[in-house]
Structures are given as structure tokens and as C-alpha cells.
Amino acid sequence: MNFKSNKINLLGYDLAHMKAFFSEIGEKPFRAVQVLKWIHQFGAHDFAQMSNVSQTLRQRLSEIAEIKAPEIVAEQKASDGTIKWLMRLDGGNSIETVYIPEDNRGTLCVSSQVGCALDCGFCSTAKQGFNRNLTSAEIIAQLWVANLALNPLAQASSDDSDSTHHGKVQDSKNRVITNVVLMGMGEPLLNFNNVVEAIHLMLEDNAYGLSKRRVTLSTAGVVPALKRLREECDVSLAISLHAPNDEIRDKIVPLNKKYPIKELLAACQHYFSGDTKKKQFTIEYVMLAGVNDSEKNARELAVLLKNMPCKINLIPFNPFPSSDFECSKMHTINRFKDILYKAGYVVVVRKTRGEDIDAACGQLAGKVKDKSRRTGVENK
Ligand code: SAH
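And the structure:
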């Protein structure tokens with residue numbers, strides 16, 4: 019049986035939203051800070067754990083609200099240490115979240131939608147179709163759940179009467195997740211409000227306290243939303259360009275027909291205008307054999323990006339069953355890289371991580387219950 023709770027899920031509330039909630043129930047704003055800390059820094063899932071909140075308020079909260087995250091239904095660990103979790107959502111859908119450990123950082127790759135409506139030909143998520151936007155709770159839950167899974171001993175326990183008796187899951191000194199990339203399933207800018215609220219929590223000192231530099235939103239280029247993002251929370255940007263001209267991009271990223279390259283790059287430039295602290299954004303370029311990987315394409319790209327404050331990430335195409343593309347040969351990728359390098363760009367070939375568990379870029383699948391919906395792009 020699948021019945022929905024009428025309780026308010028506080029997991030996805032940012033500070034402003036949480037303050038509004040407490041004010042609505044006649045409580046002081048400082049409660050918002052207390053509860054945020056409990057949920058996100060101590061991993062509390064039950065109001066009973068919140069020992070510095072009065073008994074009466076805890077009781078009241080448990081009657082009207084809840085802290086609810088999707089359940090992990092599968093966990094896979096790759097030989098390189100990459101971990102992929104499959105999380106089940108209400109209604110039979112599921113999403114994937116990937117943790118990528120490196121020497122000096124740990125990156126969590128977060129999904130923003132169930133499936134994706136953009137239909138990029140080289141992406142496995144696109145083949146699933148689109149089902150729905152994730153709520154802010156479901157987006158931040160990926161960080162919340164991963165934190166608990168990676169720090170199982172630190173989890174808050176209701177037996178503890180004093181919060182100092184257990185470790186923080188989100189302690190700035192021993193953070194396991196140091197970076198978040200919105201590069202999982204979905205197009206984050208087509209789920210704007212929920213993504214922004216979740217980002218607020220990532221940046222919030224009373225929650226995850228990550229710096230803007232360490233939160234990266236990857237987009238295929240929803241131009242009007244880029245302008246709004248700059249006003250709301252100007253996190254780091256990665257742009258899925260993948261082509262040096264509109265002719266090629268129209269074929270592999272259909273959104274390009276709506277927002278062509280020139281408009282997209284102008285929006286990127288605007289994103290950085292007037293801010294000297296933000297240095298550059300990332301151009302993502304998936305290497306597809308015979309499609310966008312010629313020397314001519316590299317030279318064209320070098321001209322296109324002239325004067326753009328960007329670095330270039332070349333992504334070897336990760337194949338998946340039923341994909342129509344092949345990855346460029348390594349020598350072709352290196353040649354492409356050299357041309358850009360000689361033209362003065364910072365260019366790196368992205369290392370494929372978690373390949374043996376299908377956790378690499380574009381391989382995330384999850385489960386989309388109703389694949390027939392392809393809406394979600396039209397009205398933006
Ligand atoms: N919709 C967003 C974020 C999701 S995709 C976007 O388009 O940016 C995250 C990155 O993985 C994008 O750059 C995407 O183009 C790339 N990608 C998708 N499928 C891929 C594949 N099969 N191999 C390599 N990279 C892929």
C-alpha cells in the first residue's frame with residue numbers, strides 16, 4: 019500500500035523557509051537554526067533527538083512535521099572507491115547519487131530530476147524519458163543520506179541527551195563530502211526553485227557550509243534560468259557545450275535549437291560580469307568519435323571560446339547499452355587537447371570514475387516509472 023503522509027517534510031527547508039515555518043506555528047526564529055543544525059549537521063531524523071528543543075515543542079513538531087529522506091535500496095562500490103547509491107522515491111521512481119573520493123577531496127554527484135526531458139543523444143538518462151522534478155527535500159536528501167552512509171558512527175542517537183556526545187556528520191574539519199556537483203540525472207535549471215533551495219542548504223553555515231566554489235551546477239544551457247541563478251545563488255558553473263558550432267550542437271543537444279551557442283555564451287559572460295572573485299566556469303565537451311572530435315572542431319572551439327573566462331573539460335564518452343555513439347580514440351582526444359592547450363586554454367581530460375558500476379557521467383539510470391512524459395522544457 020502506498021499512502022502519503024500529510025506531515026510537512028522539513029528536510030528540504032532552507033533557513034528562510036524554516037524561519038517562516040516556525041513563525042507560522044508561533045515559535046521564535048532561533049528554533050529554525052537549532053532544527054537545521056540537528057537535521058543537517060547531526061543527521062537527526064527524529065525530533066526526539068533534538069535535546070536542546072523543549073519537550074513540548076518536540077512533541078508538537080512530531081505531530082505536524084517529519085524529516086523524511088528516500089531509502090537507499092542499493093549500494094555499489096567500484097574498484098576505484100566510487101560509490102553509487104540507488105534511492106527509492108515515493109511512487110515507484112528511483113534516482114542515483116554517486117560519491118567520488120579523490121586524494122584531497124570527496125565529490126558527491128547529485129540528481130535533480132527523475133529522468134530528463136532534454137533528450138541529449140549521448141546520455142543514458144535521456145533514454146529514460148522524464149518523469150518529474152525532485153523536491154528540495156529529495157535533492158538535499160542525497161547529501162544527507164550520503165553523509166550518514168559515509169559517517170555511520172556519527173549519526174545522532176535519541177539515547178544521547180547531549181548533542182556533544184556524538185560526532186557531527188557535517189563537521190568542517192573532517193568532512194567526507196567536500197564538493198557537490200549537480201551533474202547527476204536531470205537538468206537542474208529546469209527544476210529551478212527546488213534546486214536553488216537545496217543549494218541554499220548546501221551553502222548554509224547552519225547546514226553544510228560549503229563554499230560557492232565547491233558547489234557546481236552543470237547545465238545544458240537554459241539561458242533565462244542562468245540569469246535568475248546569478249541573482250539567487252551564484253555557484254560555480256559547468257556548461258555542457260559539447261560542440262564548436264550550432265550545426266553539430268543542434269543534433270546532439272536539442273535544447274540548442276531553443277538557446278543557441280551565441281546566446282548561451284553571452285549568458286555565461288553575464289554570469290561572471292562585475293565579479294572579480296569568480297574566475298572562470300567549466301566547459302564540458304564529451305568526445306564522440308567522428309561527431310565533434312576533429313582537429314577542425316578543436317580549432318573552431320578555440321576561436322569560439324576566445325575571451326571566455328573558462329577552462330575546458332574533455333569527457334571521454336561513456337557508452338551504455340543502446341547508445342549510438344562511440345568514444346573518440348585516446349590519440350584523437352590528446353590531439354584535440356593539444357590544439358586547445360596551444361591556443362592558451364586550461365584543458366583537462368576528465369578521468370572516468372566508477373566505470374565498473376555504471377556510475378560514470380551519463381550512465382546514471384535509476385528507474386522512471388512513467389517514461390511517456392517528455393514535458394518540462396516547453397514553458398521555460
Ligand atoms: N543536464 C545537465 C547535468 C547532467 S549531465 C547537463 O547537461 O549539464 C552531466 C554531464 O555528463 C554533462 O556534461 C553531460 O553532457 C555529460 N554526459 C552525459 N552523458 C554522457 C556520456 N554518456 N558520457 C560522458 N559524458 C556524458
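Numbering (our numbering), first residue to last: 19 to 398. We put the beta carbon where it would ideally sit given N, CA and C, even for glycine. If you're wondering where the values come from, they're calculated on a predicted model, not measured in any experiment.
For residue i, is the beta carbon positioned less than 7 Å from some heavy atom of ligand 1?
{"i": "G204", "result": "yes"}
{"i": "I118", "result": "no"}
{"i": "L136", "result": "yes"}
{"i": "V51", "result": "no"}
{"i": "F290", "result": "no"}
{"i": "A238", "result": "yes"}
{"i": "M105", "result": "no"}
{"i": "S142", "result": "yes"}
{"i": "E42", "result": "no"}
{"i": "E93", "result": "no"}
{"i": "N336", "result": "yes"}
{"i": "M201", "result": "yes"}
{"i": "E114", "result": "no"}
{"i": "V304", "result": "yes"}
{"i": "S258", "result": "yes"}
{"i": "I333", "result": "yes"}
If we ignore side chains and look at the alpha-carbon of each, how far apart do residue i and residue j end up?
{"i": "A66", "j": "L161", "result": "22 Å"}
{"i": "L79", "j": "R150", "result": "29 Å"}
{"i": "S112", "j": "M105", "result": "5 Å"}
{"i": "T182", "j": "A361", "result": "The predicted position of T182 is uncertain, since its pLDDT is 43 and thus under 50; a value taken from the coordinates is nonetheless stated next. Using only the alpha carbons, I get a separation of about 55 Å."}
{"i": "T300", "j": "C328", "result": "5 Å"}
{"i": "D178", "j": "S69", "result": "Unreliable positioning characterises D178 in this predicted model, as indicated by a pLDDT of 44, which lies under 50. The coordinate reading is nonetheless provided below. Each residue's Cα considered, the two are about 8 Å apart."}
{"i": "E42", "j": "H63", "result": "22 Å"}
{"i": "E84", "j": "T74", "result": "16 Å"}
{"i": "A225", "j": "H58", "result": "5 Å"}
{"i": "P88", "j": "A167", "result": "13 Å"}
{"i": "P339", "j": "R317", "result": "32 Å"}
{"i": "Q287", "j": "M326", "result": "7 Å"}
{"i": "F210", "j": "T153", "result": "10 Å"}
{"i": "V253", "j": "V213", "result": "12 Å"}
{"i": "R353", "j": "C141", "result": "24 Å"}
{"i": "C138", "j": "I266", "result": "12 Å"}
{"i": "Q94", "j": "K46", "result": "43 Å"}
{"i": "I26", "j": "A164", "result": "22 Å"}
{"i": "E215", "j": "Q77", "result": "27 Å"}
{"i": "T100", "j": "K369", "result": "12 Å"}
{"i": "H35", "j": "S72", "result": "21 Å"}
{"i": "N336", "j": "C345", "result": "7 Å"}
{"i": "K280", "j": "P262", "result": "11 Å"}
If you count every other CB in all the chains shown that lies within 10 Å of the CB of residue i, and 16 or more means buried, which is it?
{"i": "V365", "result": "buried"}
{"i": "P206", "result": "buried"}
{"i": "D264", "result": "exposed"}
{"i": "M203", "result": "buried"}
{"i": "F148", "result": "buried"}
{"i": "E222", "result": "buried"}
{"i": "D121", "result": "exposed"}
{"i": "H349", "result": "exposed"}
{"i": "F40", "result": "buried"}
{"i": "T125", "result": "buried"}
{"i": "K186", "result": "buried"}
{"i": "G44", "result": "exposed"}
{"i": "V91", "result": "exposed"}
{"i": "F48", "result": "exposed"}
{"i": "A38", "result": "exposed"}
{"i": "V304", "result": "buried"}
{"i": "K102", "result": "buried"}
{"i": "V53", "result": "buried"}
{"i": "D374", "result": "exposed"}
{"i": "G372", "result": "buried"}
{"i": "V233", "result": "buried"}
How far does the alpha helix (DSSP H) with residue i in it reach, from first residue to last?
{"i": "T350", "result": "M348 to K360"}
{"i": "V214", "result": "F210 to L221"}
{"i": "L244", "result": "V241 to E250"}
In terms of residue numbering, what span does the beta strand (DSSP E) encompassing residue i cover?
{"i": "S229", "result": "That residue, S229, is in no beta strand (DSSP E); it is neither H nor E in DSSP."}
{"i": "A238", "result": "Note, A238: premise wrong, no beta strand (DSSP E); not H, not E."}
{"i": "I257", "result": "S254 to S258"}
{"i": "N197", "result": "N197 to L200"}
{"i": "V401", "result": "Lying before the first or after the last residue shown, residue 401 is absent from the chain, which here runs from 19 to 398."}
Length at least 3, wholly inside the region 95 to 183: the beta strand (DSSP E) runs in chain order: 101 to 106, 112 to 119, 124 to 127, 131 to 133 and 148 to 151
Complete runs of the alpha helix (DSSP H) confined to the region 268 to 345 [at least 4 residues]: 279 to 290 and 313 to 322
Within the region 19 to 92, ranges of the alpha helix (DSSP H) (whole runs, at least 4 residues): Secondary structure in the region 19 to 92: the alpha helix (DSSP H) runs of 4 residues or longer, each lying completely within the stretch, are 33 to 42, 48 to 54 and 73 to 82 in chain order.
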